[in-house]
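Structure first, then comments.
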Amino acid sequence: MTGFADLLDFVVSTLQTSSFCRSVRTIEAFRFSETQFGLKVRANLTSGHVLQVRLYRNGEHTDYAYQLFQTDTPVLRWDNKEHFPSISSFPHHFHNASSLVEFSPLTGDPAHDLPFLLNYLATTASR
379 MTGFADLLDF VVSTLQTSSF CRSVRTIEAF RFSETQFGLK VRANLTSGHV
429 LQVRLYRNGE HTDYAYQLFQ TDTPVLRWDN KEHFPSISSF PHHFHNASSL
479 VEFSPLTGDP AHDLPFLLNY LATTASR
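Residue 474 in our numbering sits at position 96 of the sequence shown; the count goes up by one each step and never skips.
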């Protein structure tokens with residue numbers, strides 16, 4: 379899944395088929411070329427939270443941020459901004475609910491990362 383349309387379809391359909399997503403909408407979708415593009419998609423969850431998926435691809439590299447909001451307040455975020463080189467999963471990291479930055483198992487591949495996040499959120503929501 380390297381193309382713009384395939385990636386957007388994957389994100390939207392993965393969110394739509396999740397049992398705890400009530401609705402999904404594309405906020406931004408832009409393409410500079412076949413290998414450089416970005417998207418932002420939001421899913422309203424049954425918990426009342428909003429999951430925002432932001433992806434920017436430039437060639438083989440993908441910048442990402444997956445962020446969970448309660449109303450307009452950020453709660454959790456996974457991203458790969460290169461700010462925390464001391465973390466073993468650098469550049470991938472997780473901002474927890476206490477605003478601490480931790481190891482992240484994400485890889486920058488949406489086919490791995492989005493299902494992992496949905497499973498994580500489903501598991502933590504059931505606690």
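Where a beta carbon is used, it is the ideal one built from N, C-alpha and C, also for glycine.
Rounded to whole angstroms, what's the CA-CA distance from A421 to E480? Just pull it up for me. Approximately 24 Å between the Cα atoms of the pair.
Just confirm the distance between the C-beta atoms of Q445 and R455, as a whole number of angstroms; I'd bet it's less than 8 Å. That belief holds up - the Cβ atoms of Q445 and R455 are roughly 4 Å apart, short of 8 Å.
Over the uninterrupted beta strand (DSSP E) stretch that includes F415, give me the two end residues. Looking at the DSSP string, the run of the beta strand (DSSP E) that includes F415 is 414-423.
Whole-Å CB distance - G486 paired with T440, under 8 Å assumed: The C-beta distance from G486 to T440 rounds to 5 Å, short enough to meet the 8 Å contact threshold.
Does S482 pass the burial test, meaning 16 or more other C-beta atoms within 10 Å, or should it be called exposed? By the neighbour-count definition (other C-beta atoms within 10 Å, threshold 16), S482 is a buried residue.
Pairwise C-alpha distance: N474 and D384: Here the alpha carbons of N474 and D384 stand approximately 30 Å from one another.
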